[in-house]
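First residue of the sequence shown: 6, per the numbering used here; consecutive thereafter.
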Amino acid sequence: MQQINIVIGKVLKEEREARHLSQENLAFDAGLHRTYISQIERGLKNVTVKVLFDITKAMNMDFVEFITKVNNGIKEL
6 MQQINIVIGK VLKEEREARH LSQENLAFDA GLHRTYISQI ERGLKNVTVK VLFDITKAMN
66 MDFVEFITKV NNGIKEL
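Here's what the structure looks like:
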C-alpha cells in the first residue's frame, strides 16, 4: 500500500464518522458501492480526483479542505 492511500483513507473515515454517516449512506449519496468506500478507508484503492470530489460533495465538505487534511497527514509521516 502506498502511504498516500492510507492517509486518504484515514481522513475519509474520520470525516465520515464526524458527520455520523455510515459507509452505506455515504456510498449511496456519492453514487458508489459501500465496499468501495471501505476499500478506500483501508488504503486499498487508488482513488481518482473525481471520486474524491464526489465523496466530499456527498459529505458536504469542501474538496480543498479534504485535500489539505490529507496533505497535513502526509507531512506527519
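Built from N, CA and C at the ideal position, the CB exists for glycine as well.
Would you say V69 reaches chain C, if we count a Cβ-Cβ gap shorter than 7 Å as a contact?
The structure shown contains no chain C; it is built from a single protein chain.
Relative to the C-alpha of I60, which residue among R21, N10, K15 is closest?
As a first step, residue 60 must be located in the sequence shown, where it is residue number 55. Cα-wise, what sits closest to I60 is R21.
Separation of Y41 from V56, as counted between CA atoms
Taking the sequence shown and counting its residues from 1, the one referred to as residue 56 is at position 51. Taking the sequence shown and counting its residues from 1, the one referred to as residue 41 is at position 36. Each residue's Cα considered, the two are about 10 Å apart.
With DSSP collapsed to three states, give me the class of T53.
Within the sequence shown, numbered from 1, the residue matching residue 53 stands at position 48. Note: T53 maps to coil in three-state DSSP.
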